[in-house]
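Residue numbers (the working numbering): 47 to 275. Even glycine gets a Cβ: it sits at the ideal position worked out from N, Cα and C. Working notes, structure below.
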Amino acid sequence: MSRLTAEKQSLLEIYRRLFAHFGPQHWWPAEEPFEVIVGAILTQSTTWTSVEKAISNLKKAGLLSPAALRSIPAGKLAELIHSCGYFNAKAVKLKAFAEWLGVQYHDSLQEMFARDTLELRDELLQVHGIGEETADSILLYAGNKPVFVIDAYTRRIIERTGINPGGQKYRHYQELFMRNLPPDAAMFNEYHALLVALGKNVCRKRNPLCDHCCLRDICGYASFKRGRT
DNA sequence: GCCCAGGGGGCTC
DNA sequence: GAGCCCCATGGG
Numbered sequence: 047m048s049r050l051t052a053e054k055q056s057l058l059e060i061y062r063r064l065f066a067h068f069g070p071q072h073w074w075p076a077e078e079p080f081e082v083i084v085g086a087i088l089t090q091s092t093t094w095t096s097v098e099k100a101i102s103n104l105k106k107a108g109l110l111s112p113a114a115l116r117s118i119p120a121g122k123l124a125e126l127i128h129s130c131g132y133f134n135a136k137a138v139k140l141k142a143f144a145e146w147l148g149v150q151y152h153d154s155l156q157e158m159f160a161r162d163t164l165e166l167r168d169e170l171l172q173v174h175g176i177g178e179e180t181a182d183s184i185l186l187y188a189g190n191k192p193v194f195v196i197d198a199y200t201r202r203i204i205e206r207t208g209i210n211p212g213g214q215k216y217r218h219y220q221e222l223f224m225r226n227l228p229p230d231a232a233m234f235n236e237y238h239a240l241l242v243a244l245g246k247n248v249c250r251k252r253n254p255l256c257d258h259c260c261l262r263d264i265c266g267y268a269s270f271k272r273g274r275t
C-alpha cells in the first residue's frame, strides 16, 4: 500500500473511532459568524468555558458587533473578557480585528468570506492577534470553508499515532490532513472537534499513556509508557 | 499553594 | 528561522 493510501486509511480510521466514541460535537452549529470569530480569538490559550462567560458579558453589553468593539475603550473591553485570561492582550486583538473588518470589508463578513479562501487566509494572518490556528478556525467555523484546523492536541495525537507529517510546522500537519481527506467543511469541523475532545480527555502533555483511549492500539503504546510526550 | 493547560507577538541572534 | 519571554486565568 502506498504511503498516501496508508495515511488516508489511518486518518479515516481515527475519525471513525473518535466519532464512534465521542459522538457528534456540535461545535458552533448555529452561531452568528461574528460571534464565532470573537470566540476564536478569545479561546486562544484558554478553555472554552472561560470564553463562554466572556461572550455572555459581551452579548449583555451589546458588544458583539464590529462597530461596538471599535467604540469601547480597550480597558473597558478587557474587564468584560477578564475570565478568559490575557485580557489586555485579547482586548487589543478584538479591536484590531474590528478595525480591519471595517476598513477592508465595511464590516461585512459576507463580503469577507466571498474572497478566495487562500487569499483571505493570508490577509487574516496580517491582522494583529490572528495566527494560523485562529485564521483557520475563522475560515472553517465562521466561514464554513474546508480548511483543517491544527492545534496542540492534534499535533500530540498525530505524534502518538506514529504518522509522520513530514515536519513539525503547522503547515506540515495541516497538509497531512488536507491531502488525505476530501475538502469537506462539515467533516473538518467535526474531526477537529473530536480531536479536541480526545485531547482534553486523555492526550494531555504529561499523560504518558492513554489507557482508556479509543486509539490506544494504533498509538505507539510502548513509547508512551516510557514517558514520551 | 502549586502545577498545568490552550495561541500569538515581539525580540534576539 | 529557532529560541526565549511575555501576556493571565481557571481547574485539578
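I'd like the list of long-range same chain contacts for tryptophan 146, defined as Cβ closer than 7 Å, with 5 residues on each side in sequence excluded. Residue 146 sits at position 100 when you count from the first residue of the first sequence. Cβ within range, chain order: Val173.
Once the 5 residues before and after histidine 128 are set aside, which same chain residues still bring their CB inside 8 Å of it? Here residue 128 is taken as the residue at index 82 of the first sequence, counted from 1. Ala100, listed in sequence order.
Alpha carbon of lysine 119 to alpha carbon of asparagine 235, nearest angstrom: On the first sequence, residue 119 is found 73 positions in, with the first residue counted as 1. On the first sequence, residue 235 is found 189 positions in, with the first residue counted as 1. One detail in the question is off: residue 119 reads as proline in this sequence, not lysine. The straight-line gap from Cα to Cα measures roughly 34 Å.
How should isoleucine 204 be labelled, buried or exposed, when 16 other C-beta atoms within 10 angstroms of its C-beta is the threshold for buried? Against the first sequence, residue 204 aligns to sequence position 158. By the neighbour-count criterion, in which 16 or more other beta carbons inside 10 Å mark a residue as buried, isoleucine 204 falls on the buried side.
Going by the beta-carbon positions, is the gap between isoleucine 83 and alanine 188 smaller than 9 Å? Taking the first residue of the first sequence as 1, we reach residue 83 at position 37. Taking the first residue of the first sequence as 1, we reach residue 188 at position 142. Taking 9 Å as the cut-off, the Cβ atoms of isoleucine 83 and alanine 188 count as close.
Under a three-way DSSP split, which group does cysteine 265 fall into? Taking the first sequence and counting its residues from 1, one reaches residue 265 at position 219. In this structure, cysteine 265 counts as coil in the three-state DSSP scheme.
To which residues of the same chain is tyrosine 237 closer than 6 Å at the C-beta, ignoring the five residues directly before and after it? Position 191 of the first sequence holds residue 237. For tyrosine 237, the CB contacts under 6 Å within the same chain, skipping 5 residues up- and downstream, are Tyr61 in chain order.
Return helix, strand or coil for methionine 224, following the three-state DSSP convention. Locating residue 224 in the first sequence gives position 178, where the first residue counts as 1. Residue state, collapsed to three classes: helix.
Give the single residue among Cys130, Asn210, His72, Leu109 whose Cα lies nearest to the Cα of serine 91. In the first sequence, the residue the question calls residue 91 occupies position 45. Closest option to serine 91, Cα to Cα, is Cys130.
Rounded separation between leucine 126 and asparagine 134 - CA only: In the first sequence, counting from the first residue as 1, residue 126 sits at position 80. In the first sequence, counting from the first residue as 1, residue 134 sits at position 88. Here the alpha carbons of asparagine 134 and leucine 126 stand approximately 10 Å from one another.
Chain-order list of residues whose beta-carbon lies under 8 Å from that of histidine 218 (same chain, five-residue window excluded): Locating residue 218 in the first sequence gives position 172, counting from the first residue. The beta carbon of histidine 218 sits closer than 8 Å to those of Pro211, Gly212, all from its chain and outside the five residues before and after it, given in chain order.
Continuous alpha helix (DSSP H) stretch holding arginine 202: start and end: Walking along the first sequence from the start, residue 202 turns up at place 156. Start and end: 198-207.
Alpha carbon to alpha carbon, how far is proline 112 from alanine 243? Locating residue 112 in the first sequence gives position 66, counting from the first residue. Locating residue 243 in the first sequence gives position 197, counting from the first residue. Between the alpha carbons of proline 112 and alanine 243 lies a gap of roughly 31 Å.
Span of the alpha helix (DSSP H) holding asparagine 190? Residue mapping note: residue 190 aligns to position 144 of the first sequence, counting from 1. Neither: asparagine 190 is in no alpha helix (DSSP H) and is coded neither H nor E.
In terms of residues, what are the limits of the alpha helix (DSSP H) holding tyrosine 237? Here residue 237 refers to the residue found at position 191 of the first sequence. Counting along the chain, the alpha helix (DSSP H) containing tyrosine 237 begins and ends at 231-247.
Beta-carbon proximity check, glycine 121 vs phenylalanine 143, cutoff 9 Å: As a working note, residue 121 is residue 75 in the first sequence. As a working note, residue 143 is residue 97 in the first sequence. No, they are not a contact pair.
When the Cα of glycine 85 is compared with those of His67, Leu140, Tyr132, Arg116, which residue comes out closest? Here residue 85 refers to the residue found at position 39 of the first sequence. Here the closest residue by C-alpha is Leu140.
Around the Cβ of leucine 171, are there at least 16 other Cβ atoms within 10 angstroms (buried) or fewer (exposed)? Here residue 171 is taken as the residue at index 125 of the first sequence, counted from 1. Note on leucine 171: under 16 other CB atoms within 10 angstroms of its CB, so exposed under the neighbour-count rule.
Measure the CB-CB distance between leucine 166 and leucine 186 and report whether it falls below 9 Å. By 1-based counting over the first sequence, the position of residue 166 is 120. By 1-based counting over the first sequence, the position of residue 186 is 140. For leucine 166 and leucine 186, no; Cβs fall outside 9 Å.
Quick check on valine 149: does DSSP put it in helix, strand or coil? Sequence index remark: in the first sequence, residue 149 carries index 103 (1-based). In the structure shown, valine 149 sits in a helix (DSSP, three-state: H, G or I).
Cut-off 7 Å between Cβ atoms - residues of its own chain near methionine 224, not counting five sequence neighbours on either side: Here the question's residue 224 lines up with position 178 in the first sequence. Excluding positions up to five away in sequence, the list reads Phe194.
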